[in-house]
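Peer 1: To start, I am sharing the structure in question, which I have written as structure tokens.
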Amino acid sequence: VKYEYIGKLSSILLGLMILLLVVTMFTGQTIDGASASRWLKIPGTPISFQPSSFAFLMLIIYLCRYLTKKITRERTIGENIGFIFGPILLVFVLVAKDNGSTALMILMVSVIVLVIGQLHWKYIAGFISSSFVAIVLFLLVALNTNLIGGNRVHTWMSRIETFTSSKAKTADVDDESVKAKNYQVMQAKAAIVHGGITGMGPGKSALKQMLPQSASDFIFAVIVEEYGAIGAAFLISMYLIMIIRIVMIASKMPAFFGSLLVLSLGVMIFIQLAVNIAVAVNLIPVTGQPLPLISYGGTSMLVTYLQLGIILNISSRIQIYDEEGMGKKQSIVEINDIA
23 VKYEYIGKLS SILLGLMILL LVVTMFTGQT IDGASASRWL KIPGTPISFQ PSSFAFLMLI
83 IYLCRYLTKK ITRERTIGEN IGFIFGPILL VFVLVAKDNG STALMILMVS VIVLVIGQLH
143 WKYIAGFISS SFVAIVLFLL VALNTNLIGG NRVHTWMSRI ETFTSSKAKT ADVDDESVKA
203 KNYQVMQAKA AIVHGGITGM GPGKSALKQM LPQSASDFIF AVIVEEYGAI GAAFLISMYL
263 IMIIRIVMIA SKMPAFFGSL LVLSLGVMIF IQLAVNIAVA VNLIPVTGQP LPLISYGGTS
323 MLVTYLQLGI ILNISSRIQI YDEEGMGKKQ SIVEINDIA
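Just so you know, the numbering used here puts the end of the sequence shown at 361, numbered straight through with nothing missing.
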């Protein structure tokens, strides 16, 4: 299957994902003790999934496709609002109701895609300003009404407060309320320290059972405890090699759409793993983002497989393009014809 087909279907697939996000707002379910209704159950089956993860992926593919189609001419303000900024903000609002960290990642990755996709800087600056205003309005409405996830906003605020209190030098470490709020972070840090240089050994984590979300949000802390700093360094090295390979594939790909899509998917994977590791070592507040290819979670795992599958598909097309005489010097117009 050619990767170009996914690009051509991206508008339809994104529309379908937006529809599922709307359905999730009204019929979403919670699983594994989560407080947010992020999951949608497939009728007649025990299978549930998070539409937000698929919507994120489809949005990025759609943006890459649209930026490729319009790269040979200046876009009007109306086109940018209707076909670029509108879909991004719509997905952001629908996702932010129950998944603030993913919503912020959507904005962050989208801006990076717009930069890589060569959208004029004045439009990007305008979008960033508009996004800031949209976030402020969202928070004000959420905190003062029950319309769009006020409970989740209070949860975000609590996480930020917990993070800042754990960083404050003046915080009373003996305060029971502080200990309760920082329990996850304290256990994660203890697991990392307990692992030392060489770790306790596979399956010998002593703090795994006491660490909430040890198989997903804080899986990196468990890895460090069992395999030590050496294991952590090896894992990070493997991720870096994968990211470098992704960049190399993008640099060799003559078709602009393929190159942009590979880089964009690589950015998604990199930011997700960076956020997960940063949470585990208490550099940023708890976000709930999984560690790609490792964290427990069927939806996140499936989306990562789709990302890597698309990247490998594009990589396999490089040799075909080379055999057809499509080098780096080929014009963008000619390259776009095949994308």
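C-beta atoms are modelled at their ideal positions from N, C-alpha and C, and glycine is treated no differently.
My guess is that serine 238 and tyrosine 318 are in contact by the Cβ rule of under 8 Å, so how many angstroms apart are they, rounded?
Peer 2: With a Cβ gap of about 5 Å, serine 238 and tyrosine 318 count as contacting.
Peer 1: Can you tell me whether glutamine 72 is helix, strand or coil according to DSSP?
Peer 2: Glutamine 72: coil per DSSP, three-state reduction.
Peer 1: Use the C-beta contact count for arginine 60: other C-beta atoms within 10 angstroms, 16 or more gives buried, fewer gives exposed.
Peer 2: Classification of arginine 60: buried, given that the 10 Å Cβ count is 16 or more.
Peer 1: Any idea what DSSP makes of lysine 211, helix, strand or coil?
Peer 2: Three-state result, lysine 211: helix.
Peer 1: For the candidate residues Gly122, Leu85 and Thr67, whose alpha-carbon lies nearest to that of proline 109?
Peer 2: Measuring from the Cα of proline 109, the nearest candidate turns out to be Leu85.
Peer 1: Please give me, in chain order, every unbroken run of the alpha helix (DSSP H) with length at least 4 that falls completely inside the segment 107-144.
Peer 2: With a minimum length of 4 residues, the continuous alpha helix (DSSP H) runs that stay inside the segment 107-144 are 108-118 and 122-138.
Peer 1: Would you please state the rounded distance, in angstroms, between the beta carbons of tyrosine 261 and leucine 295? I believe it to be under 8 Å.
Peer 2: At roughly 6 Å, the Cβ-Cβ gap stays under 8 Å, so tyrosine 261 and leucine 295 are in contact.
Peer 1: Candidates Thr124, Lys91 and Leu36: which alpha carbon is nearest valine 308's?
Peer 2: Among Thr124, Lys91 and Leu36, the Cα nearest to that of valine 308 belongs to Thr124.
Peer 1: With distances taken between CB atoms, is the gap from leucine 282 to glutamine 329 smaller than 8 Å?
Peer 2: Not closer than 8 Å, so no.
Peer 1: With C-beta atoms as the reference, is isoleucine 219 less than 8 Å away from alanine 251?
Peer 2: Yes, they are a contact pair.
Peer 1: Return the CA-CA distance between leucine 38 and tyrosine 145, expressed in angstroms with no decimal places.
Peer 2: Cα to Cα, the separation comes out at about 27 Å.
Peer 1: Which full runs of the alpha helix (DSSP H) of 4+ residues lie inside the segment 270-358, going along the chain?
Peer 2: Complete alpha helix (DSSP H) runs here, min 4: 278-302 and 320-345.
Peer 1: Is DSSP giving lysine 30 helix, strand or coil here?
Peer 2: Residue state, collapsed to three classes: helix.
Peer 1: Would a C-beta distance cut-off of 8 Å place isoleucine 40 and leucine 116 closer than the cut-off?
Peer 2: Closer than 8 Å, so yes.
Peer 1: At which residues does the alpha helix (DSSP H) containing serine 221 begin and terminate?
Peer 2: For the sequence presented, residue 221 should be read as glycine rather than serine. Unbroken run through glycine 221: none, as it is neither H nor E.
Peer 1: What residue range is occupied by the uninterrupted alpha helix (DSSP H) comprising isoleucine 99?
Peer 2: It spans 99-102 - the alpha helix (DSSP H) in which isoleucine 99 sits, taken as one unbroken run.
Peer 1: From methionine 290 to isoleucine 157, what does the alpha carbon distance come to, in whole angstroms?
Peer 2: Rounded to the nearest angstrom, the two C-alpha atoms are 21 Å apart.
Peer 1: Could you have a look at leucine 81 and say whether DSSP puts it in helix, strand or coil?
Peer 2: Reduced to three states, the DSSP call for leucine 81 is helix.
Peer 1: Would you report the Cα separation of glycine 221 and serine 322, rounded to the nearest angstrom?
Peer 2: When rounded, the distance between both Cα atoms is 27 Å.
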